[in-house]
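Asker: I'd like to ask some things about the structure below.
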Amino acid sequence: MEVSVWVTVLAVIWLHTTCVDQREEWELLEGKAISWVKAKAGSSLEEFVRAGKKLLKSSVDPKVFGL
């Protein structure tokens with residue numbers, strides 16, 4: 018597992034879970050992060066998202082990551 022991908026997935030999930038009120042401040046960064054993660058993680062992205070949601074106890078929709 019690539020650490021950078023894992024950390025980025027966790028960051029996006031965390032933003033959606035705890036910083037919803039500041040969405041305007043981070044949505045551009047989120048878009049860039051998701052594009053990068055999709056290119057790096059490939060078919061493993063779903064597994065990263067599933068594990069991240071479990072770790073952070075989040076119900077973020079996987080559609081955020083284009084899944």
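If you're matching positions, the sequence shown starts at 18 in my numbering and goes up one per residue. Built from N, CA and C at the ideal position, the CB exists for glycine as well.
Give the range of the alpha helix (DSSP H) segment to which Ser76 is assigned.
Answerer: Within the sequence shown, the letter at position 59 stands for residue 76. Taken as a continuous stretch (DSSP letters only), Ser76 belongs to no alpha helix (DSSP H), as it is neither H nor E.
Asker: Could you tell me which uninterrupted alpha helix (DSSP H) segments, each at least 4 residues in length, are contained entirely in the region 24-66, listed from first to last along the chain?
Answerer: Complete alpha helix (DSSP H) runs here, min 4: 40-58.
Asker: For a quick check, are the C-beta atoms of Ala58 and Val22 less than 8 Å apart?
Answerer: The sequence position of residue 58 within the sequence shown is 41, counting from 1. The sequence position of residue 22 within the sequence shown is 5, counting from 1. A contact, by the Cβ cut-off of 8 Å.
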